[in-house]
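Colleague:
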Amino acid sequence: MNTDATQQTPGTGWWTEAVIYQVYPRSFADSDGDGIGDLPGITARLDHLAELGVDALWLSPFYPSPQADAGYDVSDYRDVDPLFGTLADADKLIAEAKARGLRVIVDLVPNHTSSAHRWFTAAVAAAPGSPERQRYVIRDGKGPDGTEPPNDWVSVFGGPAWTRLPDGQWYLHLFDSGQPDLNWDNPEVREEFLDVLRFWLDRGVDGFRVDVAHGLIKQADLADWQEPQEILSGSEVDKPRPPMWDQDGVHEIYREWRRVLDSYPGERILVAEAWVEPAERLARYVRPDEMHQAFNFEYLLAAWTAPAQYAVITRSLEATDSVGAPTTWVLSNHDVVRHASRLGLGTGGGRANGVGVDDPQPDAALGLRRARAASLLMLALPGSAYLYQGEELGLPEHTTLPDEARQDPTWARSGHTERGRDGCRVPIPWEADAPSYGFGPTDASWLPQPPVWAEYALDRQRGVPGSTYELYRTALRLRREHALARGPLRFLSSGDEVLTFTNGDITVLTNFGTDPAPLPAGAEVLVSSAPLDGAAVPTDVTVWFRV
Numbered sequence: 018m019n020t021d022a023t024q025q026t027p028g029t030g031w032w033t034e035a036v037i038y039q040v041y042p043r044s045f046a047d048s049d050g051d052g053i054g055d056l057p058g059i060t061a062r063l064d065h066l067a068e069l070g071v072d073a074l075w076l077s078p079f080y081p082s083p084q085a086d087a088g089y090d091v092s093d094y095r096d097v098d099p100l101f102g103t104l105a106d107a108d109k110l111i112a113e114a115k116a117r118g119l120r121v122i123v124d125l126v127p128n129h130t131s132s133a134h135r136w137f138t139a140a141v142a143a144a145p146g147s148p149e150r151q152r153y154v155i156r157d158g159k160g161p162d163g164t165e166p167p168n169d170w171v172s173v174f175g176g177p178a179w180t181r182l183p184d185g186q187w188y189l190h191l192f193d194s195g196q197p198d199l200n201w202d203n204p205e206v207r208e209e210f211l212d213v214l215r216f217w218l219d220r221g222v223d224g225f226r227v228d229v230a231h232g233l234i235k236q237a238d239l240a241d242w243q244e245p246q247e248i249l250s251g252s253e254v255d256k257p258r259p260p261m262w263d264q265d266g267v268h269e270i271y272r273e274w275r276r277v278l279d280s281y282p283g284e285r286i287l288v289a290e291a292w293v294e295p296a297e298r299l300a301r302y303v304r305p306d307e308m309h310q311a312f313n314f315e316y317l318l319a320a321w322t323a324p325a326q327y328a329v330i331t332r333s334l335e336a337t338d339s340v341g342a343p344t345t346w347v348l349s350n351h352d353v354v355r356h357a358s359r360l361g362l363g364t365g366g367g368r369a370n371g372v373g374v375d376d377p378q379p380d381a382a383l384g385l386r387r388a389r390a391a392s393l394l395m396l397a398l399p400g401s402a403y404l405y406q407g408e409e410l411g412l413p414e415h416t417t418l419p420d421e422a423r424q425d426p427t428w429a430r431s432g433h434t435e436r437g438r439d440g441c442r443v444p445i446p447w448e449a450d451a452p453s454y455g456f457g458p459t460d461a462s463w464l465p466q467p468p469v470w471a472e473y474a475l476d477r478q479r480g481v482p483g484s485t486y487e488l489y490r491t492a493l494r495l496r497r498e499h500a501l502a503r504g505p506l507r508f509l510s511s512g513d514e515v516l517t518f519t520n521g522d523i524t525v526l527t528n529f530g531t532d533p534a535p536l537p538a539g540a541e542v543l544v545s546s547a548p549l550d551g552a553a554v555p556t557d558v559t560v561w562f563r564v
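Using this note's numbering, the first residue of the sequence shown is number 18, and each one after it goes up by one.
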């Protein structure tokens, strides 16, 4: 029995209690029938988000881009790609969202630009040592003729992290070769992004989700790194940090950004996509004068066992409490296998990089059961929470996506050894019997949708007791009514099979064991992720109740 209380959410800003919904524009709603989602399509579906009960939406990139990495290769930070619409469409989306009480967060990609960005084309055309080249990480090669890369770094997507320019110098790209890394030691780069922040703040956005927030500053000597390249910076305190991740210099950048946001009315926020462990390192990104939130990837990766969940929840709360920030919880996003499938592959959390038709297939029923329980557990935790589009429908990963349909650069750059992230990005289903399941007015879909999508469609779940959609709606309503985002949380049990805690006037129990877990006498059940077994909670079920 553990009765340690953990306080949470000492701040008062809207983000400290928010549930924020990630919209991946390519795959949310297509207004014109070209098979690619767009901003007018999102605007037309905003009522869904309002009815679901979320507080804000986060838009993945919609900027002009060659789409080498689905828009995370930006060629112009102050416009909208014609694939997705126009600046006027963005303005309308922001206005319509606000009319429904929804805030809007946009993606910002500062670690790298597209190779089609005007800065990079100028750098390629300029001479070595020129001001144009100083905007990027461009170096001479090793060896007598400079024919070897400057160091041994490899790309997160596979293959070398350096590409040679025609005149013999090399440019760094921690991701795709179409994504050259910016040189954040250059004041011109810093000024440019301060102006980009102001451009979108002036248009009314409520904040920025910052892509690869832990990668902007590289170790000055660009030292070799013998370990495998992973976007996660490592979880052992006593080991050196990789020279490309989580360098202390990134915090000066975000303190400057915070001053810009604080100069605007209405509590604008910064959200870090920082794959940083342990939690104490991640907490540095949300100190009072830096960012407001940081995605809790340690929680996303945690195994589906009571001890693992207890450990990551307590560690996360303690770390963010130490800097006076809310904890931010997340189970799925556009970069990882959807948790309705990930949890059907076993108890390990794992950042599985795609599942292919020849790979071991998840147990769909087990995965959905655990996903519903995990989501209900997450939404009962104090702090903020992020949902990924379609998880409110119980959508699984598309695990039988034909290899020839894959578009993630990871697939090609890894030599077809990593399936990539396409399986979690398939356009979502709205109407079971409509073309493209209601994604758009035609059958066109930039990634093929599986036939099973019909059973997950929104119109098959809305108003249906026990559906995943109605479970989310109920949980979000109760979360708000009982102020669960504020805490405090107090654990009652944290054994090997059952996790139980109180949050305000609600008790939450998740059964990870093989036998049903009895509820206390007189328990009033408010919501359960699956039907109960009389007065007991079955395996892989979460229940909220009052005594």
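C-beta atoms are modelled at their ideal positions from N, C-alpha and C, and glycine is treated no differently.
Compare the C-alpha of P444 against each of W31, I37, Y38, D55 and name the closest.
Modeller: Here residue 444 refers to the residue found at position 427 when the sequence shown is read from its first residue. Of the listed residues, the one whose Cα sits closest to P444 is D55.
Colleague: Taking just the CA atoms, how far does W321 sit from P379?
Modeller: Position 362 of the sequence shown, counted from the first residue, corresponds to residue 379. Position 304 of the sequence shown, counted from the first residue, corresponds to residue 321. Their Cα atoms are separated by approximately 15 Å.
Colleague: Reducing DSSP to helix, strand and coil, say where S545 ends up.
Modeller: Residue numbering aside, residue 545 sits at position 528 when the sequence shown is read from its first letter. Looking at S545 - three-state DSSP - the assignment turns out to be strand.
Colleague: Apply the 10 Å Cβ neighbour rule to A178 and answer buried if 16 or more other Cβ atoms are within range, or exposed otherwise.
Modeller: Here residue 178 is taken as the residue at index 161 of the sequence shown, counted from 1. That one is buried.
Colleague: According to DSSP, what are the bridge partners of H129?
Modeller: The count along the sequence shown starts at 1 and reaches residue 129 at position 112. According to DSSP, which records beta bridges pairwise, H129 is partnered with D198.
Colleague: Given A449, which residues of its chain have a CB within under 7 Å of its CB, disregarding the five upstream and five downstream residues?
Modeller: Position 432 of the sequence shown, counted from the start, is the residue given in the question as residue 449. Counting only Cβ-Cβ distances below 7 Å, and skipping sequence neighbours, we find A471, A474, D476, R477.
Colleague: By DSSP, does Q8 sit in helix, in strand, or in coil?
Modeller: The question about residue 8 has no answer, for the chain in this structure spans 18 to 564.
Colleague: Round the Cβ separation of V515 and A323 to the nearest angstrom and send it over; I've been treating them as touching at under 8 Å.
Modeller: For the purposes of this step, residue 515 is taken as the residue at position 498 of the sequence shown. For the purposes of this step, residue 323 is taken as the residue at position 306 of the sequence shown. Yes, they are in contact, since the Cβ atoms of V515 and A323 sit about 6 Å apart, within 8 Å.
Colleague: Am I right that W136 and R152 are in contact with their C-beta atoms under 8 Å? What's the rounded C-beta distance?
Modeller: By one-based count along the sequence shown, residue 136 stands at place 119. By one-based count along the sequence shown, residue 152 stands at place 135. So it is a contact: roughly 5 Å between Cβ atoms.
Colleague: Starting from the N-terminal side, write out each stretch of the alpha helix (DSSP H) that is 4 residues or longer and does not extend beyond the segment 341-407.
Modeller: Runs found: 356-359, 381-396.
Colleague: Return yes when the Cβ of P81 is within less than 8 Å of the Cβ of S92, no when it is not.
Modeller: Here residue 92 refers to the residue found at position 75 when the sequence shown is read from its first residue. Here residue 81 refers to the residue found at position 64 when the sequence shown is read from its first residue. It is a contact, given that the beta carbons lie within the stated cut-off.
Colleague: Check I37 in the structure and name its three-state DSSP category.
Modeller: Counting from 1 along the sequence shown, the entry for residue 37 is found at position 20. Strand, per DSSP.
Colleague: What residue range does the alpha helix (DSSP H) around L495 cover?
Modeller: Reading the sequence shown from its first residue, position 478 is the one you call residue 495. Here the alpha helix (DSSP H) through L495 covers 485-498.
Colleague: Whose C-beta lies closer than 6 Å to the C-beta of A357 among residues of the same chain, with five residues either side of it excluded?
Modeller: Position 340 of the sequence shown, counted from the start, is the residue given in the question as residue 357. So the qualifying residues of the chain are G384, L385, A388, G411, P413.
Colleague: Excluding five sequence neighbours on each side, which residues of the same chain lie with their C-beta closer than 6 Å to the C-beta of W75?
Modeller: Sequence index remark: in the sequence shown, residue 75 carries index 58 (1-based). For W75, where only same-chain residues beyond five positions count, the Cβ hits under 6 Å are I37, Q39, I122, R226.
Colleague: Please work out which residues of its chain come closer than 6 Å, Cβ to Cβ, to S252, disregarding the five sequence neighbours upstream and downstream, and give them in chain order.
Modeller: Indexing the sequence shown from 1 puts residue 252 at position 235. With a pLDDT of 47 at S252, under the threshold of 50, the modelled position of this residue cannot be trusted, and the question is left open.
Colleague: Could you tell me the alpha carbon to alpha carbon distance between G437 and F192, rounded to whole angstroms?
Modeller: For this step, residue 437 is matched to residue 420 along the sequence shown. For this step, residue 192 is matched to residue 175 along the sequence shown. Taking the straight line from one Cα to the other gives about 13 Å.
Colleague: Have a look at D550 and P533 and give me their C-alpha separation to the nearest angstrom.
Modeller: Start at 1 with the first residue of the sequence shown, and residue 550 comes out as number 533. Start at 1 with the first residue of the sequence shown, and residue 533 comes out as number 516. In a straight line, the C-alpha of D550 is about 7 Å away from that of P533.
Colleague: With DSSP collapsed to three states, give me the class of K115.
Modeller: By 1-based counting over the sequence shown, the position of residue 115 is 98. It is helical.
Colleague: Less than 8 Å between the C-beta atoms of P197 and S147, yes or no?
Modeller: Sequence index remark: in the sequence shown, residue 197 carries index 180 (1-based). Sequence index remark: in the sequence shown, residue 147 carries index 130 (1-based). No, the Cβ-Cβ distance between P197 and S147 is not below 8 Å.
Colleague: Might you give, ordered along the chain, the residues of its own chain that have their beta carbon closer than 7 Å to the beta carbon of E435, omitting 5 neighbours on each side?
Modeller: As a first step, residue 435 must be located in the sequence shown, where it is residue number 418. The answer, listed in chain order, is G175, N370, G371, T427, W428.
Colleague: Report the residue from V171, V354, V222, A461 whose alpha carbon sits nearest the alpha carbon of A112.
Modeller: Position 95 of the sequence shown, counted from the start, is the residue given in the question as residue 112. Closest by alpha carbon: V222.
Colleague: Return the first residue and the last residue of the alpha helix (DSSP H) that G58 is part of.
Modeller: Counted from its first residue, the sequence shown places residue 58 at position 41. That run of the alpha helix (DSSP H) goes 56-61.
Colleague: Return the chain-ordered list of same chain residues with a C-beta closer than 8 Å to the C-beta of T416, the five sequence neighbours on each side being excluded.
Modeller: As a working mapping, residue 416 is identified with position 399 in the sequence shown. Within the same chain, T416 has close Cβ partners S358, V372, G373, V374, D376, Q378, P379, G440.
Colleague: Would you mind giving the Cβ-Cβ distance between L63 and A114, rounded to the nearest angstrom? I have them listed as a contact below 8 Å.
Modeller: Along the sequence shown, read from residue 1 onward, the residue named residue 63 stands at position 46. Along the sequence shown, read from residue 1 onward, the residue named residue 114 stands at position 97. Sure, about 6 Å apart at Cβ, within 8 Å.
Colleague: Whole angstroms is fine: what's the gap from F508's alpha carbon to S546's?
Modeller: Reading the sequence shown from its first residue, position 491 is the one you call residue 508. Reading the sequence shown from its first residue, position 529 is the one you call residue 546. Taking the straight line from one Cα to the other gives about 20 Å.
Colleague: Could you give the distance in angstroms between the alpha-carbon of G539 and the alpha-carbon of A552?
Modeller: Sequence index remark: in the sequence shown, residue 539 carries index 522 (1-based). Sequence index remark: in the sequence shown, residue 552 carries index 535 (1-based). If you take the alpha carbons of G539 and A552, they lie about 10 Å apart.
Colleague: To the nearest angstrom, how far is the alpha carbon of W274 from that of P127?
Modeller: As a first step, residue 274 must be located in the sequence shown, where it is residue number 257. As a first step, residue 127 must be located in the sequence shown, where it is residue number 110. Going from the Cα of W274 to the Cα of P127 covers about 12 Å.
Colleague: If you draw a straight line from the alpha carbon of D6 to that of S349, how long is it in whole angstroms?
Modeller: Because the chain here runs from 18 to 564, residue 6 falls outside it and cannot be looked at.
Colleague: Is it buried or exposed, E315, if we count other Cβ atoms within 10 angstroms and call 16 or more buried?
Modeller: Position 298 of the sequence shown holds residue 315. Buried, by the Cβ-count rule.
Colleague: Excluding five sequence neighbours on each side, which residues of the same chain lie with their C-beta closer than 7 Å to the C-beta of I59?
Modeller: Residue mapping note: residue 59 aligns to position 42 of the sequence shown, counting from 1. Closer than 7 Å at the Cβ level, and outside the excluded window around I59, lie V40, P42, F45, A46, L110.
Colleague: Which of the three DSSP states, helix, strand or coil, is assigned to I155?
Modeller: Here residue 155 refers to the residue found at position 138 of the sequence shown. Here I155 sits in strand by DSSP.
Colleague: Please classify L119: is it buried, with 16 or more other beta-carbons within 10 angstroms of its beta-carbon, or exposed?
Modeller: Against the sequence shown, residue 119 aligns to sequence position 102. It counts as buried.
Colleague: Which residue marks the beginning of the alpha helix (DSSP H) containing R43, and which one marks its end?
Modeller: In the sequence shown, counting from the first residue as 1, residue 43 sits at position 26. No alpha helix (DSSP H) contains R43, which DSSP labels as neither H nor E.
Colleague: Looking only at its own chain, which residues have a Cβ that is under 6 Å from the Cβ of A87, when we skip the five neighbours before and after it?
Modeller: Here residue 87 corresponds to residue number 70 of the sequence shown, with the count starting at 1. Cβ neighbours of A87 beyond the five flanking positions: none.
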